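Counting with UniProt numbering, you get residues 1 to 357 for the letters of the sequence shown.
We put the CB at the ideal spot given by N, CA and C, even for glycine.
Computed from a prediction, not measured in an experiment: that's the story for all the values here.
Let me begin by presenting the structure, written as structure tokens, before commenting on it.
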Amino acid sequence: MQDSPIHTMTVQWAFNHVHRLEHLKFSNLIDTTPGDFLDPFIPLIPLNNLRILVLGTVSLTSIPILMSAPHLLKLRMMLEDEEIRRPTTPYRLDTISSLRSLVISTNNVDAAIIALEYLPERNQLQSFICYLFDRDQPPSSASAHHLFNLMKSKCNPHTFSKLELQGCIARRQQEGVDIDDYVDISALFSLSALTDVDIFLPATRVELTSEQATTIPSAWPRIEKLVLNATRGVPMRTACPHIDHTHLTSILRGCPNLRVLGVRFDATQIREEQHNRSGNEEEEYVDWQCGLEKFDVGDSPILSPSPVVAFLTAHCPSLRKLECCSSDHYGTRQEFLWKTVASQVVPWKTVAPQIGL
């Protein structure tokens, strides 16, 4: 669309002369247009045959129309968030959604939550990706809990396989993250088809508890990627993790498809003698050696590299990339120790500490 206003009749004429439209990209080219600029055009879009729809910024009032598209498979849009107004049009209870992929970009997680509320109960959604851009008021743990509980009730547990939730680093660093205020992901355990979970909410504490770590293998038996607040090159202000290497082992042993893992764990309790094995003992470990290829440990506490090297060598023979970061809580020595581990575990592969990339 151009800088000059386009009359709705012009757009309607264009849509009327396009038969069996299946793929549409419709957006405003400049950032100065109002957030609801595209709303008058949404009812004009011929939805009957549309399979893929990529939109610029729309308001929540357009959501009921978009969610009712009969054959839409992929929907990507930006949601206006300056004024959160819930749509007045209710969705039809008899609607069956064909949507497989939903991608939302917005500054306000509440806008994404309201949009997801309009997903029909009968759906086969496979992927939900949400990008949150507000650096002044990043989403809270309460908002994340609300979103996860909504997903539990809305998403089809037999088809939903991918969740990606990406927040922004706050413009002003917090003094610290409340160690008792963490994002509980337990509501997502009912979505048993999940294979890809990537959550980055740097203003909150997104970590596994010991109970969650032991539940993951049965809750997500097909999980391939699990990343919780991977560092993204950001020094962290965090306290001691809830899980240690024994809980990590439960995940590695119980999730045979896991290839990418990003979680913090307490590596200080690993003892080297626990992982030095004779030739006969080596064979006993083959059945539960994992196929993990990438591991982001963040600022996981560590005392000595050698027992951790032995642990990772025993459990992660396919590891090709080990990432770490510095920590305002533990200091830069942690990063140095993890770099030492990486240089020995993956000496000929990719050693990628986040700091400096």
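Exercise. With a Cβ-Cβ cutoff of 9 Å, do S97 and Q124 count as a contact?
Worked result: Taking a C-beta distance under 9 Å as the contact criterion, S97 and Q124 qualify as a contact pair.
For this session: Would you grab the beta carbon distance between I129 and R86 for me? Rounded to a whole angstrom, and I think it's under 8 Å.
Result: Incorrect: roughly 23 Å between the Cβ atoms, too far for contact.
Problem set entry | Euclidean distance between Cα positions of R253 and L119 | 36 Å
Problem set entry | Helix, strand or coil at T106 according to DSSP, with G and I counted as helix | strand
Exercise. With DSSP run on the structure shown, which of helix, strand or coil describes Q334?
Worked result: helix
For this session: Could you check what DSSP says for D39 in three-state terms: helix, strand or coil?
Result: helix
Problem set entry | Proximal residues to H247 (C-beta, below 8 Å), its chain only, five neighbours per side dropped | L208, S210, A213, T214 and F265
Problem set entry | Limits of the unbroken beta strand (DSSP E) element including E323 | First-last of the beta strand (DSSP E) with E323: K321 to E323.
Problem set entry | Alpha carbon of L357 to alpha carbon of E323, nearest angstrom | Note that L357 scores a pLDDT of 31, beneath 50, so its modelled location is shaky and nothing firm can be said.
Problem set entry | Residue from L226, H245, Q334 and S300 with nearest C-alpha to E293 | Cα-wise, what sits closest to E293 is L226.
For this session: Note down the Cα distance separating S127 from G167, rounded to an integer number of angstroms.
Result: 17 Å
For this session: Quick one: residues in its chain with C-beta nearer than 7 Å to the C-beta of A69, no 5 flanking neighbours on either side, listed in chain order?
Result: L47 and L50
Problem set entry | Reference M77; option with closest CA among T95, H71, T88 and L24 | When T95, H71, T88 and L24 are compared, the shortest CA-CA separation from M77 is found for L24.
Exercise. Which word fits E22, buried or exposed, when buried means at least 16 other C-beta atoms lie within 10 angstroms of its C-beta?
Worked result: exposed
Exercise. Taking the continuous beta strand (DSSP E) assigned at Q166, which residues delimit it?
Worked result: K162 to Q166
Problem set entry | CA nearest to the CA of T340, picked from V309, S318 and L38 | The candidate whose alpha carbon is nearest that of T340 is V309.
Exercise. Across which residues does DSSP place G262 in a beta bridge pair?
Worked result: In the DSSP output, where bridge partners are listed per residue, G262 has V227 and D296.
For this session: Could you tell me which residues DSSP puts in a beta bridge with F200?
Result: Q166
Exercise. If you draw a straight line from the alpha carbon of A203 to that of E121, how long is it in whole angstroms?
Worked result: Here the C-alpha atom of A203 lies approximately 31 Å from the C-alpha atom of E121.
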